[in-house]
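Enquirer:
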Amino acid sequence: MALDEFLAELDQLAEAAAESFASAGDASGLEALRVKLLGAKNGQLKGLQKGLARVAAADKPQAGKHFNQTKQRIEDAFALAAQRLESSGTDQVGSDFDATEPGLRPRLGHLHPITQTIQELKDIFGRLGFRVAEGPEIEDERHNFEALNIDPSHPARDPLDNFYLSAAGYAADSEAKGPRAEVSPWLLRSQTSTVQIRVMENTPPPVRIVSLGRVYRPDTADATHYPMFHQIEGLLVDTDVTMADLKTILRVFCSSYLGEEVEVRFRPSFFPFTEPSVEVDMQWQDGWVEMGGAGMVDPNVFRAVGYDPDQVTGFAFGLGVERLCARRFGITDIRELFKNDVRFLQQF
Amino acid sequence: MIVSWNWLLQYVPLEMSPEDLEARLTACGLNHEGSEAIGQDIAIDLEVTSNRPDCLGHIGVAREISAIYDVPLSLPDPQPPAGGSLDATEASLKLEVPEMCPRYTARVIRGVRVGPSPDWLVDRLKTVYASKQGARWEPINNVVDITNYVLLESGQPLHAFDLNQVAGRQIVVRRANKGEEFLAINHKAYTLNPSMCVIADRDRPIALGGVMGGADTEVSNETTDLLIESAMFAPLAIRSTARALTLFSDSSYRFERGPDPSGVDWASRRCCELILDVAGGELAEGTLEAGRCDPDREPIVLRLSQIERILGIEVPREEVERILSSLGNRVEGESQESLTVVAPSWRRDLSREIDLVEEVARVHGYDKIPEDRQIPICASSRSREDRVADRIYRALTAAGFDEVVTPSATDLAASSVFSPWTSLAPIQSKLPMLRGADCLRKSLVPSLLQVRKTNENLGVEWIELFEIASIYLPTPEPHAEQWHEERKVLSFCSGKDFFAVKGVIESLLDSLGIAAPLNITECSDNFFQSGRGAELTLNGSPLGYLGIPSPTAAQAFSLRGPVVVAEVSFAVLLAEAELVPLAKRLSPYPTIDRDFNFEVDERVRWAEFASTVRQVAGEHLESIRYLETYRDKDRLGEGMKSLVFKVVFRKADGTLTGDEADKISQRIESACGKDHSASLRS
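Protein sequence lines correspond, in order, to chains R and G.
No gaps in the numbering here: position 145 of the first sequence is 145 in our numbering, and each next residue is one more.
No gaps in the numbering here: position 292 of the second sequence is 292 in our numbering, and each next residue is one more.
1. Quick one: residues in its chain with C-beta nearer than 8 angstroms to the C-beta of G:Val264, no 5 flanking neighbours on either side, listed in chain order?
2. List, from N- to C-terminal side, the beta strand (DSSP E) runs of 3 residues or more that fit wholly inside the region 92–127 of chain G.
3. Once the 5 residues before and after G:Val568 are set aside, which same chain residues still bring their CB inside 6 angstroms of it?
4. Given that a residue counts as buried once 16 or more other Cβ atoms are within 10 Å of its Cβ, and exposed if not, what is R:Val35?
5. What residues match up with G:Ala200 in a beta bridge as DSSP calls it?
6. Identify which residue in R:Glu134, R:Glu139, R:Ala40, R:Leu212 has its Cα closest to the Cα of R:Gln120.
7. Evaluate the contact criterion for the region 297–307 of chain G versus the region 328–346 of chain G: three or more CB pairs, one atom per stretch, below 8 angstroms.
8. Of the residues that make up the region 292–322 of chain G, which ones have a beta carbon closer than 7 angstroms to any beta carbon in chain R?
9. Whose Cβ in chain G lies nearer than 8 angstroms to the Cβ of R:Thr332?
10. Strictly below 9 angstroms CB to CB, what residues from chain G border R:Glu186?
11. Would you kindly work out how many angstroms separate the C-alpha atoms of G:Thr454 and G:Leu448, rounded to a whole number?
12. Could you work out which residues of chain R lie near G:Met433, taking near to mean beta carbons separated by less than 8 angstroms?
13. Less than 8 angstroms between C-beta atoms, sequence neighbours within five positions excluded: which residues of the same chain meet that for G:Ala409?
14. Which word fits G:Asp203, buried or exposed, when buried means at least 16 other C-beta atoms lie within 10 angstroms of its C-beta?
15. Quick check: is the beta carbon of G:Glu19 nearer than 9 angstroms to any beta carbon in chain R?
16. Cβ closer than 9 angstroms: which chain G residues qualify as neighbours of R:Ala143?
17. What in chain R is Cβ-close to G:Tyr393, meaning under 8 angstroms?
18. Rounded to a whole number of angstroms, what is the C-alpha to C-alpha distance between G:Asp277 and G:Arg322?
19. By Cβ distance, which residues of its chain are closer than 7 angstroms to G:Glu486, with the 5 residues on each side in sequence left out?
20. Classify G:Arg487 as helix, strand or coil using the three-state DSSP reduction.
21. Flag R:Ser174 as yes if its beta-carbon sits less than 9 angstroms from any beta-carbon of chain G, otherwise no.
22. Compare the Cα-Cα distances from R:Ala304 to each of R:His143, R:Leu188, R:Asp158 and report the closest residue.
23. Compare the C-alpha of R:Ala147 against each of R:Gly314, R:Phe315, R:Phe273, R:Ala8 and name the closest.
24. Going by beta-carbon coordinates alone, are R:Phe229 and R:Arg214 separated by less than 9 angstroms?
25. Would you list, in chain order, the members of the region 214–245 of chain G that have their beta-carbon closer than 9 angstroms to a beta-carbon of chain R?
26. If the criterion is Cβ atoms closer than 9 angstroms, does the pair R:Gly318 and R:Ser193 meet it?
27. With distances taken between CB atoms, is the gap from R:Leu3 to R:Val55 smaller than 9 angstroms?
28. Consult DSSP for G:Met232 and reduce its assignment to one of helix, strand or coil.
29. For the alpha helix (DSSP H) containing G:Phe570, list its first residue and its last residue.
30. Quick check: the region 8–22 of chain R against the region 70–84 of chain R, are there 3 or more CB pairs under 8 angstroms?
31. Would you kindly report the start and end of the unbroken alpha helix (DSSP H) that includes R:Gln196?
32. Would you report the Cα separation of G:Asp632 and G:Ser383, rounded to the nearest angstrom?
33. Extract the residue ranges of the alpha helix (DSSP H) inside the region 18–90 of chain G, only unbroken runs of 4 or more that lie entirely within it.
34. What residues of chain R sit near G:Ile369, judged by a beta carbon separation below 9 angstroms?
35. For G:Gly29, collect the residues of the same chain with a Cβ closer than 6 angstroms to its Cβ; drop the 5 residues on either side in sequence, then sort them by chain order.
36. What residues match up with G:Thr340 in a beta bridge as DSSP calls it?
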C-alpha cells in the first residue's frame, strides 16, 4: 500500500469522526459512534491499522507516527463531544465554576495627575508644532531676571520672593569673599521663561518651543499655592508673528484641552519680558477662567539674546500646570498633589 | 485701588452703568475685583499692576476712563493763597541722603484749627476706607483726612507734622542710626538701622521716610502750626524698610511703585489749598525744598507700521493719536510713517516705541484682535528625553508602581540619611521651601521614604512608589561655570523584596531596549543593611544604587514594614536606550532544553556562574533560565547551596538533536566544575 494513500485514508477518517462526534445528540448516540470509530475490535480505526502492515518498510516510521496522531485527534474529538453533552445536561446550580467571582486584577500603577496634565499639554502643543525644550532648575540671575528684562529694582528680584541658594565653602552673597564672590548668585528658577532665553541664546530664529517643569516661589502653602509648582511656557519667534497669532494658538490650545470650541479673551497685564502683556482667560461654562499670562516678546529680551527686534517678532505665554490639573480632575486643594496619598493617586 | 464712583464724577462724566465701566476698565488693564455700595456711593475695587502707579489715585483712573470713553477730563489747579513768607527760624530742611530721598519739599501753614472733617470729605474717604477696612472706619481730623484725601486723589503720599513738636524746627532727612528707636503713629515702637531713611528733627526720628509718620509729631486737636511734607523716596529703600519692619502703609505701597515726580508740588499745593479751606490758617510764602527728580522724558518715535506688525491688526492713525493724547502723551512731531511722542511724567513705564504700541492696543481693545489666523505648520518630533520617560512610565505603571511628585528640598536630617552621589553638604536655600526644608535634595530616596511613611500611617497596603526628578549636587571644586550639578534621577521605594525591585529595574532596561546586563557590585554605604546594598553599573557607567535600608535608616522614617529602595541615573538610561530596535530573524526550529542542578560553594556568585555557562554554551544557546537557589544544611552541608536552572538551546539553521544538546551540556558541566568547583547533583 502506498504511503500517500494510507495517510489520506487516516485524514479522511479523522475529519469524518470529528464531524459525526460534533453532531451526536445524546450520550447513547455518542457511545455508538465511539464503538463504530474507536472500537477495540471492529472500529474503523482498528481497520485502518491493518493497512499499516502493508506499507513499505521504509515508510513505516512516518506512517506509524501519523496513525498515532490520527488516533489522538479522534479521541480528542470524542472527549470534546462528551464534555459538551455533559455540561449541557448538568444543572448550573451544581457547577463548580462561578464566573461572578472577582477577576485576578493585575495591580496597575498610576501616573501622577501633574504628569498626566503635562503629557496632555505636550501632546497638544506638539501637534501645534511646538518642540519641548528643557532647562535647569537652578539658574543664575542673568537667565532668571536680566535677560528677561527684569531690572535689579524690580520687586520680583526681592530676596524674600525667591529661593536664593548657597553651598558650603562659598557663599552666594556678594559680600562674602568666597571663590564665587565675583559671580552673580544662583537661585531656583521662579519661572520657566528662563528656558526661552537659553533656547534663543543657542538657536537662530525661527523658534517654536514649549518648556515645562518645576518652578519655585516662597509662597506659604495653602489650597491654591505651593512653594513649588509647575509651569508650561511657550515661545514662538519668526519674522512676522503677531498678537493675532498668539490669540489663535491659545484659542486652539484651549479648545483642544477642553475638547470643544471655546473663546479666549485678553486682559492687559504687566510682565517685564513681554510687551504688550496680557492675562488670558478662557470661556468655561458660564464664565471666564484665568489661564495664565502671555504677550509679545519684549524687544529688550530679543536684544539680550542677540536677536534683532526689527527683524523678528514673537510671542510667549506661561500657564500654571497645577491650575489646569486641579480644574481637570476636580482637585480643590493643590497640597493634595504633593502629599502623595496613594489612595489619592489611584483615582487618576 | 478702591475708587469711589462719586469721587470720579469730579473729573469725568460717567454716563455709563457701573457694570459697563467695570467691564471696560477690566478690558483696559484695571482688573475689576469687586464693587460695594457704601451709602449713596459705589466703591469699585480695581487691581493695579505694578507698572501703573499713576492709577493709585482717582485722577489716574479718571484719565483712563476719559481715554476709554473719549470723554473730557477736568482736573483741579490748586493755587493756594500765601501769606507771610517763611522764615529760616520757623523751619529748616537738610537732605543728607538724596539716594534714598531724591526730592523733599515742605510747606508751612500757621494757625490752623484742627477739628472734625466736613461731611463731603468724610463721605469721600468713607467710600474707600469703609470698603477696605470695614464699617469701623472713623475719620481722624480735618488735617490728616486732607492728606489722605490728596493721596487717594493724586497717588502722591503726604504727611503733616505738628511743627511745634519738631525739635529745633529742623527737618533732617538722613539714614537711621543703628538701633535707633522710633514710635510710629500706629503707636508701635520700631528699632531702626542705617538701611532705613528717616525724617528727623534736631533730636530724633519723627517719621520713617515714605512709610509712616511718628507719634510725637502727630497732628492733634492742640496743633496749630503744620509742616506739610511732599517728597519722593527711592522704591528699593522703601520696600526693604517696609519688609524689614513688616510695616506696610498706603504711602509705602505707592513709593515702592514710584508716583509722578511732577506730582510732588501739585499734591503739596492741593493739600495746602484744601487745609486752608477746611481748617483755616495761613500758608507761609515759600517752600522748603531739596533734591531734584526731573521727569527726564525723551521723545519716542512710534512707527505706525509697528502697530500692525505687533498686533496683527491695523488701527487708524486718528485713533492712535486720540488714544495717546487722551492718556497725556504729547504728540510733538508727525510724518507719513510715524509720530513723535513725549510721554507724561506720571507714566514712567512709557519710554519705548513698544510701550506706545501696548497703549494703543489696550485702549483700542484686545477684543478687536482676531483669533482665527492661519499658523504655518511645522515639524516637531518628540524629544528623546520624553520618549525615554514615557517608556519608564509605561514599564513602571505596568509593574504596579505609582508615580509621586515630592518637593525638591528636604530638611537637613532627611538630606543626610542617604547621599550616595556625593559626600558634600547639600546646597541650601536661604529661605526654607517648606517648614525646615532648606536643603536641596541630593537623592529622592528620603522623600520617597517620607511618602511611604505617610501612606503607612493612612493604612495604605500597597505602597509602591517612583519619582523622576532632579537632584542637585554641589561640585567639589567650585568655579564660575561649574558650581553645582543638576542630575535627573529615577527613584523607587517598594515594600516588596530586593529581587522584585531588581527585576523591575531589569524589565525597565528591557523595555528601553538596553541589552547590556545590569552589573551589580556591593555598596558599602551604611544606609543599607550590610551586604544588602548594591551599586549598579551598565556598560561600565555608574547607573545607581539598590538595596535594603538598614534598621537605623528605616527607623529614621519610623517605617513599620520592610522596604527596598533604588535610585538610577536618568542620563545613563537616556544614553543607553535603544528606542527603535531592528527586527532580528527568528529561528523556526524547535528548542531543546536541559535542566541543571549544581552544588556550589555559597560564595559562588550567580552572575559569574551564569557567565561561565553562557561562554561554553556557544552559539546555540537561547537562554539561561534561573529557577532557584536551594539551601539545605543537612543535605548539602554548611556553606553550600545548589543552583537550579534551565538552559534552552535552539539552532538557527536546523533542528538541534538530543545528542548535540547533550554534548553542550557536558561542556557546561566540566566548565562549571573547573571554574566554580561545581558538581551536578543527581
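Where a beta carbon is used, it is the ideal one built from N, C-alpha and C, also for glycine.
Expert: Well, looking at it:
1. Translated into positions along the second sequence, residue 264 of chain G becomes position 264. Hits under 8 angstroms: Arg103, Thr105, Gln156, Ser230, Ala231, Met232, Cys293.
2. Runs of the beta strand (DSSP E) inside the region 92–127 of chain G: 92–95, 103–110.
3. Within the second sequence, residue 568 of chain G is the residue found at index 568, counting from 1. So the list reads Leu490, Leu543, Gly544, once near-sequence residues are dropped.
4. Position 35 of the first sequence, counted from the start, is the residue given in the question as residue 35 of chain R. Burial call: exposed.
5. The count along the second sequence starts at 1 and reaches residue 200 of chain G at position 200. In the DSSP output, where bridge partners are listed per residue, G:Ala200 has G:Val172, G:Pro205.
6. As a working note, residue 120 of chain R is residue 120 in the first sequence. The question names Gln, but residue 120 of chain R in the sequence shown is Glu. Of the candidates R:Glu134, R:Glu139, R:Ala40, R:Leu212, the one whose C-alpha sits nearest the C-alpha of R:Glu120 is R:Leu212.
7. In this structure the region 297–307 of chain G lies against the region 328–346 of chain G, because at least three pairs of beta carbons, one per stretch, are closer than 8 angstroms.
8. Arg309, Ile310, Leu311, Gly312, Ile313
9. Position 332 of the first sequence, counted from the start, is the residue given in the question as residue 332 of chain R. By Cβ distance, chain G contributes nothing, its closest Cβ being about 18 angstroms from R:Thr332, past 8 angstroms.
10. Position 186 of the first sequence, counting from 1, holds the residue named residue 186 of chain R. Per the sequence shown, residue 186 of chain R should be read as Trp rather than Glu. Under the 9 angstroms cutoff, chain G gives Ile427, Trp483, His484.
11. Taking the second sequence and counting its residues from 1, the one referred to as residue 454 of chain G is at position 454. Taking the second sequence and counting its residues from 1, the one referred to as residue 448 of chain G is at position 448. Rounded to the nearest angstrom, the two C-alpha atoms are 10 angstroms apart.
12. Position 433 of the second sequence, counting from 1, holds the residue named residue 433 of chain G. Under the 8 angstroms cutoff, chain R gives Phe163, Tyr216, Pro218, Pro227, Met228.
13. In the second sequence, the residue the question calls residue 409 of chain G occupies position 409. Cβ within range, chain order: Ser429, Pro432, Met433, Leu434, Ala437, Asp438, Cys439, Leu440, Arg441.
14. On the second sequence, position 203 is the one that residue 203 of chain G refers to. Classification of G:Asp203: exposed, given that the 10 Å Cβ count is below 16.
15. Position 19 of the second sequence, counted from the first residue, corresponds to residue 19 of chain G. Not one chain R Cβ lies under 9 angstroms of G:Glu19.
16. Working through the first sequence from its first residue, we reach residue 143 of chain R at position 143. Just to set this straight, residue 143 of chain R is His in the shown sequence, not Ala. Near R:His143 there are no residues of chain G at all, since even the closest Cβ is about 13 angstroms away, more than 9 angstroms.
17. Looking up residue 393 of chain G in the second sequence gives position 393. The contacting residues are Leu111, Thr115.
18. Counted from its first residue, the second sequence places residue 277 of chain G at position 277. Counted from its first residue, the second sequence places residue 322 of chain G at position 322. When rounded, the distance between both Cα atoms is 37 angstroms.
19. Locating residue 486 of chain G in the second sequence gives position 486, where the first residue counts as 1. Taken in chain order, the residues that qualify are Ser470, Tyr472.
20. As a working note, residue 487 of chain G is residue 487 in the second sequence. G:Arg487: strand per DSSP, three-state reduction.
21. Here the question's residue 174 of chain R lines up with position 174 in the first sequence. Here the model assigns R:Ser174 a pLDDT of 41, short of 50, so the residue's position is not dependable and the matter cannot be decided.
22. Your numbering for residue 304 of chain R matches position 304 in the first sequence. Of the listed residues, the one whose Cα sits closest to R:Ala304 is R:His143.
23. Counting from one through the first sequence, the residue named residue 147 of chain R turns up at place 147. Of R:Gly314, R:Phe315, R:Phe273, R:Ala8, the residue nearest in Cα terms is R:Phe273.
24. Residue mapping note: residue 229 of chain R aligns to position 229 of the first sequence, counting from 1. Residue mapping note: residue 214 of chain R aligns to position 214 of the first sequence, counting from 1. Yes; because the gap between Cβ atoms is below 9 angstroms, this pair is in contact.
25. Residues Ala234, Pro235, Leu236, Arg239, Ser240, Arg243.
26. Here residue 318 of chain R is taken as the residue at index 318 of the first sequence, counted from 1. Here residue 193 of chain R is taken as the residue at index 193 of the first sequence, counted from 1. For R:Gly318 and R:Ser193, yes; Cβs fall inside 9 angstroms.
27. Your numbering for residue 3 of chain R matches position 3 in the first sequence. Your numbering for residue 55 of chain R matches position 55 in the first sequence. Going by C-beta atoms, R:Leu3 is nearer than 9 angstroms to R:Val55.
28. Sequence index remark: in the second sequence, residue 232 of chain G carries index 232 (1-based). Residue state, collapsed to three classes: strand.
29. As a position in the second sequence, residue 570 of chain G is number 570, starting the count at 1. Looking at the DSSP string, the run of the alpha helix (DSSP H) that includes G:Phe570 is 570–576.
30. yes
31. Along the first sequence, read from residue 1 onward, the residue named residue 196 of chain R stands at position 196. Unbroken alpha helix (DSSP H) run through R:Gln196: 193–202.
32. Within the second sequence, the letter at position 632 stands for residue 632 of chain G. Within the second sequence, the letter at position 383 stands for residue 383 of chain G. The straight-line gap separating the alpha-carbon atoms of G:Asp632 and G:Ser383 is approximately 52 angstroms.
33. As far as the region 18–90 of chain G is concerned, its whole alpha helix (DSSP H) runs of at least 4 residues are 18–28, 58–69.
34. As a position in the second sequence, residue 369 of chain G is number 369, starting the count at 1. Simply Thr242, Met243, Ala244, Leu246, Lys247, Phe266.
35. Start at 1 with the first residue of the second sequence, and residue 29 of chain G comes out as number 29. In its chain, beyond the 5 residues on either side, Arg362 have a beta carbon closer than 6 angstroms to the beta carbon of G:Gly29.
36. By one-based count along the second sequence, residue 340 of chain G stands at place 340. Answer by DSSP bridge pairing, in chain order: G:Val301, G:Gly333.
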